[in-house]
Structures are given as structure tokens and as C-alpha cells.
Amino acid sequence: MRESSTGLFVELPEDSNITDLLLATAERSPEKPLYSRRTGTGWTDVSAAGFLAEVRAAAKGLLAQGVRPGDTVAVMSGTRYEWTVVDLAIWFAGAVTVPIYETSSPSQVQWILTDSGARLVFAGDDAKARVIETGAAAAESPVRIWKLSGGEGPDTLAALAASGTEVADEELESARSSAALSDAASLVYTSGTTGRPKGCTISHGNFALFAVNVIELLPEMLKRPGARTLMFLPLAHVLARAVQVGCLAAGVTVGHSSSAAALVEDLRTFRPTFLLAVPRIFEKIYAGAEEKAAAAGKGKLFDAAASTAVAYSEARDSEARGGSGPSLALRLRHAAFDRLLYPKVRAAFGGEMDIAISGASPLSPQLAHFFRGAGIAVQEGYGLTETTAPASVNTIPLTRVGSVGLPMPGNSIRIAEDGEVLVSGVGVFSGYHRNPEATAEAFTGEWFHTGDLGALDEDGFLRITGRKKDLLVTAGGKNVAPGPLEEKVREHRLVSQVVVVGEGRPFVGALVTLDDEALAAWARENGIDAAGQPLPEHPRVLAQVQEAVDAANASVSRAEQIRRFTVLPKDFSLDGGHVTATLKLRRQAVIADFTAEVEKLYAN
Numbered sequence: 001m002r003e004s005s006t007g008l009f010v011e012l013p014e015d016s017n018i019t020d021l022l023l024a025t026a027e028r029s030p031e032k033p034l035y036s037r038r039t040g041t042g043w044t045d046v047s048a049a050g051f052l053a054e055v056r057a058a059a060k061g062l063l064a065q066g067v068r069p070g071d072t073v074a075v076m077s078g079t080r081y082e083w084t085v086v087d088l089a090i091w092f093a094g095a096v097t098v099p100i101y102e103t104s105s106p107s108q109v110q111w112i113l114t115d116s117g118a119r120l121v122f123a124g125d126d127a128k129a130r131v132i133e134t135g136a137a138a139a140e141s142p143v144r145i146w147k148l149s150g151g152e153g154p155d156t157l158a159a160l161a162a163s164g165t166e167v168a169d170e171e172l173e174s175a176r177s178s179a180a181l182s183d184a185a186s187l188v189y190t191s192g193t194t195g196r197p198k199g200c201t202i203s204h205g206n207f208a209l210f211a212v213n214v215i216e217l218l219p220e221m222l223k224r225p226g227a228r229t230l231m232f233l234p235l236a237h238v239l240a241r242a243v244q245v246g247c248l249a250a251g252v253t254v255g256h257s258s259s260a261a262a263l264v265e266d267l268r269t270f271r272p273t274f275l276l277a278v279p280r281i282f283e284k285i286y287a288g289a290e291e292k293a294a295a296a297g298k299g300k301l302f303d304a305a306a307s308t309a310v311a312y313s314e315a316r317d318s319e320a321r322g323g324s325g326p327s328l329a330l331r332l333r334h335a336a337f338d339r340l341l342y343p344k345v346r347a348a349f350g351g352e353m354d355i356a357i358s359g360a361s362p363l364s365p366q367l368a369h370f371f372r373g374a375g376i377a378v379q380e381g382y383g384l385t386e387t388t389a390p391a392s393v394n395t396i397p398l399t400r401v402g403s404v405g406l407p408m409p410g411n412s413i414r415i416a417e418d419g420e421v422l423v424s425g426v427g428v429f430s431g432y433h434r435n436p437e438a439t440a441e442a443f444t445g446e447w448f449h450t451g452d453l454g455a456l457d458e459d460g461f462l463r464i465t466g467r468k469k470d471l472l473v474t475a476g477g478k479n480v481a482p483g484p485l486e487e488k489v490r491e492h493r494l495v496s497q498v499v500v501v502g503e504g505r506p507f508v509g510a511l512v513t514l515d516d517e518a519l520a521a522w523a524r525e526n527g528i529d530a531a532g533q534p535l536p537e538h539p540r541v542l543a544q545v546q547e548a549v550d551a552a553n554a555s556v557s558r559a560e561q562i563r564r565f566t567v568l569p570k571d572f573s574l575d576g577g578h579v580t581a582t583l584k585l586r587r588q589a590v591i592a593d594f595t596a597e598v599e600k601l602y603a604n
């Protein structure tokens, strides 16, 4: 049983917590711009001292509203500066943050509020507030909603801060210092194979030890003078919040981009020095560059530049392992393209960025080599919500393209006999909230079962080779449990089987088969003659399937919804190897045999 470990670089006092990182940064560099807010066409810096003052005011407001250490407070909002303010304010009040994805359905909100016990919720805007109200009503749980959007009124962030002006500094300090490293900082809900979200208890130590150690692990990124990053991943995602806490500890300036539509312009004006992203971003940047080159009649030149970048990066890998490295001819070609075309690729990220971290789903090695050859080192990492996101990562001096790197400091990775990746260490969560059965199932001793399959090479680098369970992770990093969607679609009379797909893809799709007998009967009832067109292709049949898909989509967030489907001409069978003798679906066999149909779902 192969194992790989990395020791801690930095330790923290057991009685400390995340808020101590902000206090230390503000004391060390009070005027340093810790955040930068989008204002019109530009950005306005917020100093460490100014941010701390906002956090303290909001925290006093929470205490004035009856929040006490250990209470849960939920946040449902897109990525924005105010999300960060209330996150830290919740911790200053000694409470526990419960993030809710902004795309969550009312039924998902209902479950999270019920399970977490949160009675105070921050909403990004009026639309989110309405979803929260619907979910809270269904849960029969009265909640108080405060809005993060600007404006005046009794339920704004400014009003919350104003309500706490009478709270004494001593009361705030007592609440702030009440949590230790081992105490819960956040309940992060993630979809399980049953589809019902499970609350992962992430401790102050999980976040804080990651933060202080990642600074030493990635100094080229976090210790660089003038380091800046633009956060656009959902702050409900544990990876985004973990990295944001790391930036807080390092004094890195963080900006927030609220939508995909604004990202391109925000990158251009903010000019980050590094970026946290998912593979889909790099795929889109590459495709956009390729398309622009083709439109300008420079398609062949782009192809040559791309192949040169890949070859140059691959040669560097070879050199790192004792090989000859880039030849003189390759270096000359690379230097020429570094003057002509690669700056245009870097300009898509703002022009200052030379490092990026890619996570949430697999990154194509070809893309990793291309961007590194073009001057942007894309370091791939791996992790889950239960490991406080990154369990392993590639670094500038220690990189294996195609791997997800070495264990994070304080973590160990082991490959079980069946190939499953197991993780232990300071990044691993303490368990699922109010779910001891699921917690017991997830651990063997100190080792957390990730559900992923992988391998460790001779130097301890981890490669992910597949998923042991069926949970999908889209290119955008969204966890999708296919079972509940499939079950809902199969409720329709005409549907026999459904296989939801989308691993590493930009959206969720589905392969659908129909029940022959039910289809024939339905056709007769509706006066449909199959002589002219096969029934699985008939528009009225496809409309029925769409109704079934719509019903399933209504129970999940937008990111989990089935965007496209295809109806296969015949049902899955035992003879075809797609179902077992007990009629259980063999998912991987279906996907392997219908690869062409899956590819068509994502062709345009």
C-alpha cells in the first residue's frame, strides 16, 4: 500500500482561530490593500485596517441580533466583497458560517436551513431572499434575512452594523476568541450519492493551517510583492474560501468578480498576478484564442505556436527529470512566439499573471503544457469539500503535468488495495453534521475515503484515474449526484432508463431509453403512426421526455440541471451488457458503449 506525506511547515496555537490571521495582517500592515472593490469602471482598495473595522461592526450587529458563539448563520449570495465581510464577521461573533450556493433550489435551501439550524441568513439580493423565504416556509423555520446588496432599509448590512453600536468591545472580543482550532468554522453542504446534501464540518484549524502553510508552499504566488488575485469562483465552494483565507494571511489583494459575463473585463482591469480557476476557464481562453486567430487568417500560425508551447513545456519536464531539455531550435521558435503570440494569451488574463491553480475537475495535460509554454504555469491540484479542498497540489519547483501533485503540508495520501485514494491530516474535516452513520462510513481510522481512484508514482505525485462512486463533477466544479435526477426522469411513463453524464463537462446531459410497450400504447392513445418516423425521434415523444427532464430539473440547482439529452433507439439489456442479472444499470459500460452519443451532446 503506497503512501505519500508532507510535513507541516507552520504550526498554530491550539487556542487560536481564523480571526487571528486577520488581526495579525492588520497589525503588521494596516494600510496594505487587502481587498479591492469594483466601483464603476475601476477598483477601489480597502485597507486591512478598513476591512477589520467593517468586520467588527458587522460582528457587533450579529451579537446585537442575538447570535451567540456556536450558532449557525447562512449566506446565499454570488461572489462579492460583502460575502467576505459577513464571513469574517460571523467568525468574529464566534458563530459558524453555512454557505448556500446561489443557484440552490428552495427545496435545497429548506434542507440546509433545517439541518444546520440557521435562523439568520444573508441574501445577496432580492431574488435570493425570495428563494430563502420559500425554503424557510417549507421548512417551517422562521428566519431573519439581511441583504448584502446596497441601498437603505432595515435589512441591509449597514443597518445590521448600526444595530450593534452599543455592543461593547469586550463582548466582541469574548465571542471572537471563544473558538479554537478544533472548533467548527463552517458547515459546507455537498451533494452525496443519495442527492441529499451533507453538511461537512470544517474547522478553524482546517482553514487556518491551510492558510499559513500554503504561503510557504507557494511563495512564488503568495509572497510576490504586489500579489493580486481575482476571485470569481462561488464563495459557497470550500476551495474559494480556503484560498481567500490564505490570501488574508499573506496580505494578498483580492478582488471579486460576480459573474462570468463580467470576468473578461474584470481580468483586464484588475490585472491579477495569479488566479484560482477551473479547467473550463482555460478551455474557453484557449478556444477563444484559437477562434480569433482563425478569423484573422492566422490559424496555421496559432497551431504552430500552440505546438511549440506544448513541446517546450514537455521538454522542460524532461529536463527536470535529467533529460536534455529544449533544443536550440525549439528555444528559438519559442522565443519568437513569446514576442508575437504568447503575450496575447497572457493578455486574456490581464497581462500580469504567470501562475494559476486549477482544481475541481481534471485539466487536460495538453492544455497545462500549452499555458505553461505560453508563460502561465497552471498548477493542478486535487481535493474535496471533506479535505477543505486541496489535499494535494503541484508547485513551481515540483510539478508533474498530468498529476495533481504532492500532498499538502500536514496531509498524507494513501492508495487502498482497491485503488481508492485515502487522505488523512490537518485538512480532513471532522465529520458530517448530525450524520454519524455517514461519518463512520467515510473513515477507516484516521483515513478518509475519497471515493476516487488513483495512483502514486515513485516520487509521491498523485494521479487520479477515475471515480469509485457515481458522483459527477462538472467542468465548473459543481458536484452532481446523478441518481436522484435519473430517478425523477424515470418516473415518466415512457421512460425506461436514464444515464446522467457530465464528468468534467461544461454541463449535465443524459442518455434516455424508452419503454417499448408503454411507448406503443401511448402512441395508439394519441393517434401517432410510427410508419413515417421512428417513435423515439417523434417530436411529440421528445416533448414528453422534455417534460420528464423539466420535472427532474425543478428539484435541483441550475448548475445540476440536465441541459441536453438524447433518446437512444433501443433500451439497455442484459445481453448488451448494460444491465446486470438483477437489472441494475452498469453505468460505466453504458458510457463506454455510447461514447459517440455522449460526444454529440457536447458537440456545439
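All the letters of the sequence shown, read from the start, carry residue numbers 1 to 604 under full-length UniProt numbering.
All C-beta atoms, glycine included, are put in the ideal place defined by N, C-alpha and C.
| message | Since H369 and A309 should fall inside the 8 angstroms C-beta cutoff, what is the C-beta to C-beta distance between them, to a whole number of angstroms? | response | Going by Cβ atoms, the distance from H369 to A309 rounds to 7 angstroms, so yes, they are a contact pair.
| What's the C-alpha gap between D45 and S36? | When only Cα atoms are considered, D45 and S36 end up about 4 angstroms apart.
| request: Just the C-alpha distance for A57 and N553, rounded to the nearest angstrom, thanks. | output: Here the alpha carbons of N553 and A57 stand approximately 40 angstroms from one another.
| query | With a Cβ-Cβ cutoff of 8 angstroms, do V393 and I357 count as a contact? | reply | Yes, these two residues count as a Cβ contact at 8 angstroms.
| Contact under 8 angstroms by Cβ, E54 with G78 | Their beta carbons are not under 8 angstroms apart, which means E54 does not touch G78 by this criterion.
| query | Per DSSP, what kind of secondary structure is P475 in: helix, strand or coil? | reply | Reading the sequence as shown, one finds Ala at residue 475 and not Pro. Coil at A475, not helix or strand.
| request: Report the option in S186, A179, S258, R130 whose CA atom is closest to the CA atom of R38. | output: The shortest C-alpha separation from R38 is found at S258.
| message | Between Y382, V556, A89, A74, which has its C-alpha nearest G124's C-alpha? | response | Nearest C-alpha to G124 among Y382, V556, A89, A74: A74.
| said: So, for P365: in the same chain, excluding its five sequence neighbours on each side, which residues have a beta-carbon less than 7 angstroms away from its beta-carbon? | reply: Hits under 7 angstroms: V401, G402.
| message | According to DSSP, is Q244 part of a helix, a strand, or is it coil? | response | Q244: helix per DSSP, three-state reduction.
| task | Quick one: using the 10 Å Cβ neighbour count with 16 as the cut-off for buried, is G297 buried or exposed? | result | Label assigned to G297: exposed.
| query | Among residues of its own chain, excluding the 5 on either side of N17, which ones have a beta-carbon nearer than 6 angstroms to its beta-carbon? | reply | Setting aside the 5 residues that flank it on each side, N17 is surrounded in the same chain by A179, H204, each with a C-beta closer than 6 angstroms to its C-beta; the list follows chain order.
| query | Do you know whose CA, among L172, L494, V499, lies nearest E486's CA? | reply | If we check each option's Cα against that of E486, V499 comes out closest.
| When burial is assigned at 16 or more other CB atoms within 10 Å of the CB, is A59 buried or exposed? | With 16 or more Cβ atoms within 10 Å of its Cβ, A59 is classed as buried.
| field | Extent of the continuous beta strand (DSSP E) to which F448 belongs | value | Per DSSP, F448 belongs to the beta strand (DSSP E) from 447–456.
| field | Residue closest to A127, alpha-carbon to alpha-carbon, out of K147, R119, V143 | value | When C-alpha distances from A127 are compared across K147, R119, V143, the shortest belongs to K147.
| query | Is the segment 220–230 touching the segment 310–330, taking contact as three or more C-beta pairs under 8 angstroms? | reply | No, the segment 220–230 does not touch the segment 310–330.
| Do the segment 237–251 and the segment 165–184 meet, that is, are 3 or more Cβ pairs less than 8 angstroms apart? | Flag = no, the segment 237–251 and the segment 165–184 do not touch.
| field | Distance, G460 Cα to P397 Cα | value | Taking C-alpha positions only, P397 is separated from G460 by approximately 14 angstroms.
| request: Say whether the segment 367–384 touches the segment 277–284, bearing in mind that this needs 3 or more beta-carbon pairs closer than 8 angstroms, one atom from each stretch. | output: As far as the Cβ criterion goes, the segment 367–384 touches the segment 277–284, which means the pair count is three or higher.
| task | Please report the Cβ distance between Y432 and G153, rounded to the nearest whole angstrom; I am assuming they are in contact, meaning their Cβ atoms lie under 8 angstroms. | result | Between Y432 and G153, the beta carbon gap of about 37 angstroms keeps them out of contact (Cβ cut-off 8 angstroms).
| task | Would you identify the three-state DSSP class for N394, choosing helix, strand or coil? | result | In the structure shown, N394 sits in coil (DSSP, three-state: anything other than H, G, I, E or B).
| task | With a cut-off of 8 angstroms on the beta carbons, I'd call V423 and R463 a contact; round off their distance for me. | result | In fact, because the Cβ distance is near 15 angstroms, the residues do not count as touching under 8 angstroms.
| request: May I have the straight-line CA-CA distance separating R434 from D71, to the nearest angstrom? | output: A straight-line Cα-Cα distance of about 15 angstroms links R434 and D71.
| task | Let me know the secondary structure DSSP gives Q65 once reduced to three states. | result | In the structure shown, Q65 adopts coil according to DSSP, grouped into three states.
| task | Could you tell me which uninterrupted beta strand (DSSP E) segments, each at least 3 residues in length, are contained entirely in the segment 400–438, listed from first to last along the chain? | result | DSSP runs (the beta strand (DSSP E)) wholly in the segment 400–438: 411–415, 420–425.
| task | Kindly list the residues whose CB is nearer than 7 angstroms to the CB of N479, restricted to its own chain and excluding five residues on each side of it in sequence; keep chain order. | result | Same-chain partners within the cutoff: T190, S191, L471, V473.
| Rounded straight-line distance, which links the Cα of Y81 to that of R196 | When rounded, the distance between both Cα atoms is 30 angstroms.
| task | Could you tell me the distance, in whole angstroms, from the CA atom of T388 to the CA atom of D516? | result | Looking at the two C-alpha atoms, the distance is approximately 47 angstroms.
| request: Give the secondary structure of I528 by DSSP, where H, G and I count as helix, E and B as strand, and everything else as coil. | output: Looking at I528 - three-state DSSP - the assignment turns out to be coil, as it is neither helix nor strand.
| query | Taking the C-alpha atoms as reference points, what is the distance between L585 and N213? | reply | When the Cα atoms are used, L585 and N213 turn out to be separated by approximately 44 angstroms.
| message | Only counting the same chain, and skipping five residues up and downstream in sequence, which positions put a Cβ closer than 6 angstroms to that of residue 611? | response | Residue 611 lies beyond the range of the chain shown here (1 to 604); nothing can be said about it.
| Classification of T6 by the beta-carbon crowding that lies within 10 angstroms, buried from 16 upward | It counts as buried.
| request: Flag this pair as yes or no: are the beta carbons of V545 and L601 separated by less than 8 angstroms? | output: The answer is no: Cβ separation not under 8 angstroms.
| Which residues share a DSSP beta bridge with H256? | Answer is M231.
| Is Y602 helix, strand or coil when you go by DSSP? | When secondary structure is reduced to three states using DSSP, Y602 falls in the coil class, being assigned neither helix nor strand.
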